[in-house]
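Put into structure tokens, the structure is as follows:
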């Protein structure tokens, strides 16, 4: 399968930056706000923003089961920051309706508040091709307790920041806020 059309769950978050990144990679981008939109895309991005707000939007739009089904059926998905929280199976410090697509525990705001935002390079043990990547963290979560099928692709200061399990990629940072397309290219390569 070739990925030609990528959806962005456009409830809240940095939809425009993800759109620019994906269009720069030559794919068609569609805002996803209903099940019909979701069924029209080959892959999906769940952007950063505020996980509770996005989860409430998913419930309001009645998209929870459709998202779970499409992801379970193998649709490639990338969740960044709050999107990574929503892809997790568990959330440690806040009740949020997650999609359970990746066998990890999410810890919201693990690095602190908005004023604690920062950028940092990945550690030297990053997966091939990711060695010099810089990551932007804004009220970022941490993903912990990865299950046996979860592959850690990159760490910052020893903490996992980029993981993959089957067709699911979770980034605790905001790759769309840099000019580096590698995380989005990983999503497109899953087609």
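Numbering (the working numbering), first residue to last: 13 to 203. Cβ coordinates follow ideal geometry from the N, Cα and C atoms, glycine included. Quick caveat, the model's predicted, so the values are computed rather than measured.
- Task: Please go through the stretch 76 to 122 and give each complete beta strand (DSSP E) segment of 3 or more residues, from N-terminal end onward.
- Result: For the stretch 76 to 122, whole beta strand (DSSP E) runs of length 3 or above, ordered along the chain, are 89 to 92, 100 to 103, 114 to 119.
- Query: Under 7 Å, do residue 100 and residue 114 count as touching if we go by C-beta distance?
  - Reply: In terms of Cβ geometry, residue 100 and residue 114 form a close pair [threshold 7 Å].
- CA nearest to the CA of residue 69, picked from 23, 183, 197: Comparing Cα positions, the closest option is 23.
- Task: For residue 169, name the three-state secondary structure that DSSP assigns.
- Result: Coil, per DSSP.
- How should residue 81 be labelled, buried or exposed, when 16 other C-beta atoms within 10 angstroms of its C-beta is the threshold for buried? Exposed, by the Cβ-count rule.
- CA-to-CA distance, residue 142 to residue 16, given in whole angstroms: About 24 Å.
- Task: Confirm, please, whether the CB-CB distance from residue 62 to residue 94 is below 7 Å.
- Result: One thing to note: residue 94 has its Cβ within 7 Å of the Cβ of residue 62.
- Are the CB atoms of residue 131 and residue 148 nearer to each other than 7 Å? A contact, by the Cβ cut-off of 7 Å.
- Is it right to say residue 187 is buried, meaning 16 or more other beta carbons lie within 10 angstroms of its own, or is it exposed? With at least 16 other beta carbons inside 10 angstroms of its own, residue 187 counts as buried.
- beta strand (DSSP E) segment containing residue 154, residue limits: In this chain, the beta strand (DSSP E) harbouring residue 154 covers 154 to 156.
- Spatial neighbours of residue 138 in its chain, beta-carbon cut-off 6 Å, leaving aside the 5 residues before and after: 166, listed in sequence order.
- Item | Cutoff 7 Å: residue 26 Cβ touching any chain C Cβ | Here there is only one protein chain, and chain C is not present.
- What do you reckon, are the CB atoms on residue 66 and residue 91 nearer than 7 Å? Going by C-beta atoms, residue 66 is not nearer than 7 Å to residue 91.
- Please confirm whether residue 134 and residue 118 have their CB atoms less than 7 Å apart. Taking 7 Å as the cut-off, the Cβ atoms of residue 134 and residue 118 do not count as close.
- How would you label residue 14, buried or exposed, when you count the other beta carbons within 10 angstroms and need 16 or more for buried? By the 10 Å Cβ count, residue 14 comes out exposed.
- Could you tell me the boundaries of the alpha helix (DSSP H) in which residue 15 lies? Boundaries for residue 15: no alpha helix (DSSP H) harbours it, and the DSSP string shows neither H nor E there.
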